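Working notes, beginning with the structure itself.
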Amino acid sequence: REHIGTAGTTRPPIRIATWNIRGAVTVVVLAALAGCSGQAPPATDSGTPSAAAPEAAKKPQIALIMKSLANEFFSTMAEGAKKHQAEHAEQYDLVVNGIKDERDLARQVGLVEEMIAKQVDAIVIAPADSKALVSVLKRAQAAGIVVVNIDNKLDDAVLQETGTKIPFVGPDNRAGARMAGEYLATKLSKGDQVGMLEGIRTAFNGQQRRLGFEDAMQAAGIEIVDVQSAQWEMDIANRVASAMIGEHAEIKALLCGNDSMALGAVAAVKAAGRSGQIQIVGYDGISAVRAAIKEGAVLATVEQHADRLAVFGIEYALQLLRGEAAVQDKQTPVELVTAEALK
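Residue numbers for the sequence shown follow my numbering, so the first one is 7 and each next one is one higher.
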């Protein structure tokens with residue numbers, strides 16, 4: 007697929023000597039020369055032949071497809087991408103899409119199909135499901151579209167099974183969750199009980215965060231007595247956390263796979279009259295949880311730079327389009343956010 011137009015070709019200007027002959031002779035000579043060339047050379051307003059202007063270069067169009075824009079993490083991601091495009095408007099055009107609900111896989115598949123029909127040059131996607139999106143993204147590649155996976159990694163087994171190679175640009179979610187879990191362990195004692203609210207179970211990032219939390223708890227000798235999926239959603243997390251702390255009165259902490267679920271857990275703990283007794287850990291670093299950390303309602307979260315995550319993917323897609331990079335995974339940074347870090 008060619009993105010840069012080529013300059014139109016023209017014949018060099020033809021210079022004609024003039025003598026003191028009647029104008030009619032000059033006209034005849036010009037006509038004869040034009041007939042030999044097959045076409046008359048283009049002329050400027052002054053009548054002098056000139057070169058045709060080169061075609062304008064075609065900017066690549068990149069589609070950013072995210073999960074729920076109701077989640078602050080993804081709205082921040084969208085704003086970061088828009089800001090980057092505005093600062094690099096001469097390099098590419100951007101189309102931003104998202105779904106209303108983290109679980110609406112059909113709508114996200116539909117968005118990819120719309121971008122295929124639109125013939126965008128690249129798709130940068132945070133898939134709602136690590137397996138269900140592989141097939142439609144393979145179709146996008148078959149249509150000549152560069153695909154870059156961000157945030158939630160596509161399933162390696164499904165990629166291999168379908169013969170699909172899609173690079174992942176994003177954080178090590180297991181390492182980030184382990185970091186948060188290890189910090190929580192410093193506030194608890196060996197043998198304490200904790201619960202976990204995980205995301206959608208078919209999402210790779212959710213799986214990795216669960217493993218990271220488990221790594222930290224096992225190393226500290228802390229018991230995970232219950233694990234339930236709250237599907238990344240605040241309201242579901244509120245209900246799940248309420249039931250969990252009601253059933254397990256000895257729970258000392260709730261490990262939450264994202265910050266939306268952490269906020270739901272905060273509301274549940276407060277409603278149960280257990281504020282200050284149950285520690286809460288999140289993941290994403292959204293502003294609402296940062297405020298809750300300062301207030302003491304949340305112990306910690308993990309910052310994965312939402313404002314830059316899509317930008318990392320977009321910049322890599324541009325490199326691939328220009329033939330400047332090989333297809334390979336790229337790791338992005340994560341940082342632990344605590345009250346001490348926010349001072």
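C-beta atoms are modelled at their ideal positions from N, C-alpha and C, and glycine is treated no differently. Given the structure is predicted, the values throughout are model-derived calculations rather than measurements.
Exercise for the section: Leaving aside the five residues before and after S235 along the sequence, list all residues of the same chain whose C-beta is less than 6 Å from its C-beta, in chain order. Expected result: Once the five neighbours on either side are set aside, the close Cβ partners of S235 are E204, R207.
Exercise for the section: Report the three-state DSSP secondary structure of N244 (helix, strand or coil). Expected result: DSSP places N244 in helix when its eight states are reduced to three.
Problem - Backbone CA spacing between G201 and V175 [nearest angstrom] - result: Their backbone Cα atoms lie some 30 Å apart in a straight line.
Problem - Inter-residue spacing [alpha-carbon to alpha-carbon] between L143 and Q97 - result: So the alpha carbons of these two residues sit roughly 24 Å apart.
Practice task
In the DSSP assignment, find the alpha helix (DSSP H) that holds D162 and state where it starts and stops.
Solution key: That run of the alpha helix (DSSP H) goes 162–167.
Practice task
Using three-state DSSP, classify T82 as helix, strand or coil.
Solution key: Correct three-state label for T82: helix.
Handout entry: Residue environment, R216, which counts as buried when at least 16 other CB atoms sit within 10 Å
Key = Burial is judged here by how many other beta carbons sit within 10 angstroms of a residue's own beta carbon; R216 has at least 16 and is buried.
Practice task
State the Cα-Cα distance for the pair G11 and L327, rounded to the nearest angstrom.
Solution key: Interpretation of G11 is limited by its pLDDT of 36, a score under 50 that renders its predicted location unreliable; no figure is taken from the coordinates.
Exercise for the section: Buried or exposed for E61, please, with buried defined as at least 16 other CB atoms from any protein chain shown within 10 angstroms of its CB. Expected result: Low confidence applies to E61: its pLDDT is 43, below 50, so where it sits in the model is not reliable, and the reading given next is rough at best. Answer is exposed; the Cβ neighbour count stays below 16.
Problem - L203 in three-state terms, based on DSSP - result: Note: L203 maps to strand in three-state DSSP.
Problem - Proximal residues to E341 (C-beta, below 6 Å), its chain only, five neighbours per side dropped - result: Cβ neighbours of E341 beyond the five flanking positions: E309.
Exercise for the section: Compute the beta-carbon to beta-carbon distance between A87 and V233, rounded to the nearest angstrom, for a pair I have assumed lies under 8 Å. Expected result: With a Cβ gap of about 33 Å, A87 and V233 do not count as contacting.
Practice task
Find the nearest neighbour of Q185 within the set A271, D221, E119, Y322, judged by alpha-carbon distance.
Solution key: Contrary to the premise, residue 185 reads as Met rather than Gln in this sequence. The candidate whose alpha carbon is nearest that of M185 is D221.
Practice task
Using only alpha-carbon positions, find the residue among F219, D265, P133 that is nearest to A243.
Solution key: Minimum Cα distance to A243 is reached at D265.
Problem - Given N179 as reference, the closest of N155, R245, Q337 once Cα atoms are compared - result: When only C-alpha atoms are compared, the closest one is Q337.
Handout entry: Buried/exposed call for Q91, threshold 16 Cβ in 10 Å
Key = Looking at its Cβ environment, which holds 16 or more other Cβ atoms inside 10 Å, Q91 is buried.
Practice task
Please confirm whether P177 and P339 have their CB atoms less than 8 Å apart.
Solution key: Yes, these two residues count as a Cβ contact at 8 Å.
Problem - Alpha carbon of A268 to alpha carbon of K64, nearest angstrom - result: A direct Cα-to-Cα measurement between A268 and K64 gives close to 45 Å.
Exercise for the section: Pick out whichever of I257, Q334, C262 has its Cα sitting closest to the Cα of G282. Expected result: Nearest option by C-alpha distance: I257.
Practice task
In the DSSP assignment, find the unbroken beta strand (DSSP E) run with L342 in it and report its ends.
Solution key: Unbroken beta strand (DSSP E) run through L342: 341–344.
Exercise for the section: Check whether the Cβ atoms of K193 and Q285 sit closer than 8 Å, and answer yes or no. Expected result: Yes; because the gap between Cβ atoms is below 8 Å, this pair is in contact.
Problem - Where S281 sits in the DSSP three-state scheme - result: DSSP places S281 in coil when its eight states are reduced to three.
Problem - Cβ neighbours of V295 in the same chain (closer than 7 Å, five flanking residues each side left out) - result: A distance below 7 Å between beta-carbons, with the five flanking residues on each side excluded, links V295 to the following residues of its chain, in chain order: D265, A268, L269, G288, V304, T307.
Problem - Backbone secondary structure at K239 - three-state DSSP - result: With the sequence shown as reference, residue 239 is identified as Glu, and Lys is not the correct amino acid for it. Here E239 sits in coil by DSSP.
Practice task
From the DSSP output, in three-state form, read off D221 for me.
Solution key: In this structure, D221 counts as helix in the three-state DSSP scheme.
Practice task
Compute the distance between the beta-carbons of I151 and I172, then report whether it is under 8 Å.
Solution key: No, Cβ-Cβ distance for I151 and I172 is not below 8 Å.
Problem - N- and C-terminal bounds of the beta strand (DSSP E) containing Q67 - result: Its beta strand (DSSP E) spans residues 67–74.
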